[in-house]
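Only one structure is covered here, and it is reproduced in the block below.
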Amino acid sequence: MEAFLRYWLRWPSVEHLIYGHLWVWGVCQSLHFVGMALLIGTVGILDLRLLGMAKQFPVAALKKLIPWGVFGFLLCLATGLIFVTGIYANINVHPYVVLTSDVFLQLKLLFVVLAGVNLLLFYVTGMNAAVDRLAAGEDAPPLAKFFAGASLLLWIAVMYFARLIPSGKFQP
Amino acid sequence: MEQFLRTWLEWPSVAAFIQRFTWAWPLGETFHFFGIIMLIGGVGMFDLRLLGLAKQMPVKAVRKLLPWGVTGFVICVATGLMFVTGTRANVPMSPYDVIKNNIWLQLKFVFIGLAGLNLLAFYVTGMDSAVDKLGPGENAPMLAKVIAAASLFLWLGVIYFGRLIPEGL
Amino acid sequence: MQQFLESIENSAFSTYVRETPAWPAYSTVLALHTFGMAFLVGLSGVIALRVLGVVPELPLKPLKKLMPMIILGFWVNAGTGVILTSLAIVSFSRNWDFYVKLSAIVVAIVALTKMRTYAFADESAPDDAPASPEARRWAKVMLFFWFIAVLGGRLTAYATNIRIQSAAAVAVAAILLLLLATYLVRRSHRSPSVEARV
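Protein chains in written order, with our numbering: chain A, 8 to 179; chain B, 400 to 568; chain C, 566 to 763.
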């Protein structure tokens, strides 16, 4: 498994792209930020509405913004993959080594997974269907509020750990 | 992270319990099997209906089997945790090393993760509400069939890799 | 008899499956045995759940369509079971638990066919009609003997004293879980206002 990952996590073509053009890393980071803004701006607003903020909004209207949030997540995923597969161009450390020795990167990925599990539970417990029916002024069920609060905390934690990634220790 | 996992994946009380009570491990294994049976009977049945088996059943009715499937999954997770945390009762290795070196256990976890993503896709793509409307004799949308087939494939894969774990020890 | 069994165990096929590197031969046979069990017991269990009224929402007649998959599961297990037995037939022949497993399977299959006959007998019955008392009785018999078969199968690998203890432990745990399940199912039947969540 280790050999497999060591081979496949490093993409020389991505590294060449980053080496060859000074603007690539900066553009990717900016797009990563745009994706983050889209994600927090849509999913985060929905979470805040479920928690009771700005209840004049019917939930169905806010839900229509969620596809933008998903797009933002995919943007982060794509640029994130560029960072991981091309990291050798920036610091002389193999992506596999970075993944296995940078605690903050590991925690970030763990919390992304937890956010996914939270989302799955939101659907599986029927809370998604329940909140769809919420009109303007109506309060969300307590379980939905729990998932909304958890979602906010988890995504903020993702951002927190991500900010610390460069401070992680890379032991070759 | 490694130190953290090494410490927390191994539960000496579980390993001691397994060594002290020789019925503990077989109990876990048997209930792991019951969990597999419930998972396939519940989730597997739902997937098979979406793929067209016994189409006269409205999907909303087959939905009632899903809690049984989820219960089976939970039983498997609980007994599986016992196996992982109590590994040292059986082999002279820490759970961290077993996970790090056993390709079958790793693949099993990957496939469980993929099954979770597949389930998320089922909801996020709206197939969840789409299939609820299917009455007797009606075909599921193609995407729902793909997700159902993937689900069956992934869970059978989990069972397959699980069976191989002892070979990789 | 001993020589005959030994000749099976030492046959070219048995030796090949047993001694080649575990993957793919032995492990695939073993995994197929697990798949067969999952479909055979899992799907016949679904029919039993409906017959016993635990999941009354399922229409009874369409469940007959599950029989081909159940039968396929049985034959996959019969075939892989023969292969697996031949690998160590000498020790299996001396293993009383193995005979318990086989007998339990025979009874479970008989119960399955009887349950099927009684449950699907009345062509004109409405979908939500409760199953006949005979069908219910055979459903309970089938579930009990599947329990014995699965438990017995797992315990063939262990020594007798561990077997007895484990069987007792599993029986205790199963009874407790069955009581809990009965309580939860009764509670869910009493409150139909709970929307279909899952």
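Each residue gets a CB set at the ideal place from its N, CA and C atoms; glycine is no exception.
If you're wondering where the values come from, they're calculated on a predicted model, not measured in any experiment.
Range covered by the alpha helix (DSSP H) that runs through residue i
{"i": "A678(C)", "result": "The sequence shown places Thr at residue 678(C), not Ala. Taken as a continuous stretch (DSSP letters only), the alpha helix (DSSP H) holding T678(C) covers W661 to A684."}
{"i": "Q498(B)", "result": "According to the sequence displayed, residue 498(B) carries Ile and not Gln. Here the alpha helix (DSSP H) through I498(B) covers P494 to N500."}
{"i": "E401(B)", "result": "E401 to L408"}
{"i": "H28(A)", "result": "Counting along the chain, H28(A) falls outside any alpha helix (DSSP H), and DSSP gives it neither H nor E."}
{"i": "W162(A)", "result": "P149 to L171"}
{"i": "R448(B)", "result": "M444 to L449"}
{"i": "G479(B)", "result": "L465 to T484"}
{"i": "F600(C)", "result": "A590 to V616"}
{"i": "Q730(C)", "result": "T725 to R755"}
{"i": "T524(B)", "result": "Run containing T524(B): none; DSSP gives neither H nor E here."}
{"i": "Q113(A)", "result": "V110 to V131"}
{"i": "T580(C)", "result": "A577 to E584"}
{"i": "L656(C)", "result": "The sequence given here places Ser at residue 656(C); Leu does not occur at that position. It spans I654 to S658 - the alpha helix (DSSP H) in which S656(C) sits, taken as one unbroken run."}
{"i": "A67(A)", "result": "V66 to K70"}
{"i": "P74(A)", "result": "I73 to T92"}
{"i": "K459(B)", "result": "V458 to V461"}
Sub-8 Å separation of residue i and residue j beta-carbons
{"i": "M680(C)", "j": "A613(C)", "result": "yes"}
{"i": "Y683(C)", "j": "A694(C)", "result": "no"}
{"i": "F560(B)", "j": "K507(B)", "result": "yes"}
{"i": "G525(B)", "j": "P457(B)", "result": "no"}
{"i": "M444(B)", "j": "T470(B)", "result": "no"}
{"i": "L720(C)", "j": "A732(C)", "result": "yes"}
{"i": "A460(B)", "j": "P624(C)", "result": "yes"}
{"i": "F90(A)", "j": "L46(A)", "result": "no"}
{"i": "L564(B)", "j": "M8(A)", "result": "A quick correction: the sequence has Ile, not Leu, at residue 564(B). It is not a contact, given that the beta carbons lie outside the stated cut-off."}
{"i": "G175(A)", "j": "F111(A)", "result": "yes"}
{"i": "G601(C)", "j": "T645(C)", "result": "yes"}
{"i": "G156(A)", "j": "L69(A)", "result": "no"}
{"i": "G441(B)", "j": "L465(B)", "result": "yes"}
{"i": "A164(A)", "j": "F118(A)", "result": "yes"}
{"i": "A137(A)", "j": "P149(A)", "result": "no"}
{"i": "V735(C)", "j": "L716(C)", "result": "yes"}
Nearest residue (CA-CA) to residue i, options the options
{"i": "A67(A)", "options": "A142(A), N99(A), P173(A) and I172(A)", "result": "A142(A)"}
{"i": "W661(C)", "options": "N726(C), V675(C) and K630(C)", "result": "N726(C)"}
{"i": "L450(B)", "options": "A543(B), L408(B), G479(B) and A477(B)", "result": "A543(B)"}
{"i": "L16(A)", "options": "P102(A), D109(A) and A96(A)", "result": "P102(A)"}
{"i": "V105(A)", "options": "G123(A), G76(A), A136(A) and P173(A)", "result": "P173(A)"}
{"i": "A643(C)", "options": "F578(C), L667(C) and F710(C)", "result": "L667(C)"}
{"i": "G479(B)", "options": "A460(B), G434(B) and I546(B)", "result": "G434(B)"}
{"i": "G123(A)", "options": "P65(A), H39(A), V77(A) and L82(A)", "result": "V77(A)"}
{"i": "T585(C)", "options": "L652(C), L749(C) and A673(C)", "result": "L652(C)"}
{"i": "W75(A)", "options": "G33(A), F153(A) and A44(A)", "result": "A44(A)"}
{"i": "A627(C)", "options": "V715(C), V611(C), L677(C) and L617(C)", "result": "First, the residue type needs correcting, since residue 627(C) is Pro and not Ala in the sequence shown. It is V611(C)."}
{"i": "A722(C)", "options": "L649(C), K629(C) and A686(C)", "result": "L649(C)"}
{"i": "I670(C)", "options": "A724(C), S609(C) and P633(C)", "result": "S609(C)"}
DSSP three-state assignment for residue i, whether helix, strand or coil
{"i": "V647(C)", "result": "helix"}
{"i": "P627(C)", "result": "helix"}
{"i": "D531(B)", "result": "helix"}
{"i": "F420(B)", "result": "coil"}
{"i": "D139(A)", "result": "helix"}
{"i": "D54(A)", "result": "helix"}
{"i": "Q568(C)", "result": "helix"}
{"i": "W18(A)", "result": "coil"}
{"i": "W536(B)", "result": "It is Gly, not Trp, that sits at residue 536(B) in the sequence shown. Here G536(B) sits in coil by DSSP."}
{"i": "P698(C)", "result": "helix"}
{"i": "E760(C)", "result": "With a pLDDT of 49 at E760(C), under the threshold of 50, the modelled position of that residue is not reliable, and the figure given next carries that caveat. E760(C): coil per DSSP, three-state reduction."}
{"i": "V105(A)", "result": "helix"}
{"i": "Y559(B)", "result": "helix"}
{"i": "N489(B)", "result": "coil"}
{"i": "V41(A)", "result": "helix"}
{"i": "K176(A)", "result": "coil"}
{"i": "K62(A)", "result": "coil"}
{"i": "L46(A)", "result": "helix"}
{"i": "E688(C)", "result": "coil"}
Buried or exposed by the 16-neighbour rule on C-beta atoms within 10 Å, applied to residue i
{"i": "A61(A)", "result": "exposed"}
{"i": "H23(A)", "result": "exposed"}
{"i": "F11(A)", "result": "exposed"}
{"i": "V476(B)", "result": "exposed"}
{"i": "D446(B)", "result": "buried"}
{"i": "K532(B)", "result": "exposed"}
{"i": "I558(B)", "result": "buried"}
{"i": "G485(B)", "result": "buried"}
{"i": "Q113(A)", "result": "buried"}
{"i": "W424(B)", "result": "buried"}
{"i": "P698(C)", "result": "exposed"}
{"i": "R56(A)", "result": "buried"}
{"i": "A761(C)", "result": "Confidence is the limiting factor: at A761(C) the pLDDT is only 47, short of 50, which leaves the residue's position unreliable, though a coordinate-based value still follows. Flag for A761(C) reads exposed."}
beta-carbon residue i near the ligand NAP non-hydrogen atom, thresh 7 Å
{"i": "K626(C)", "result": "Annotation note on the ligand NAP: not contained in the displayed structure, which lists no ligands."}
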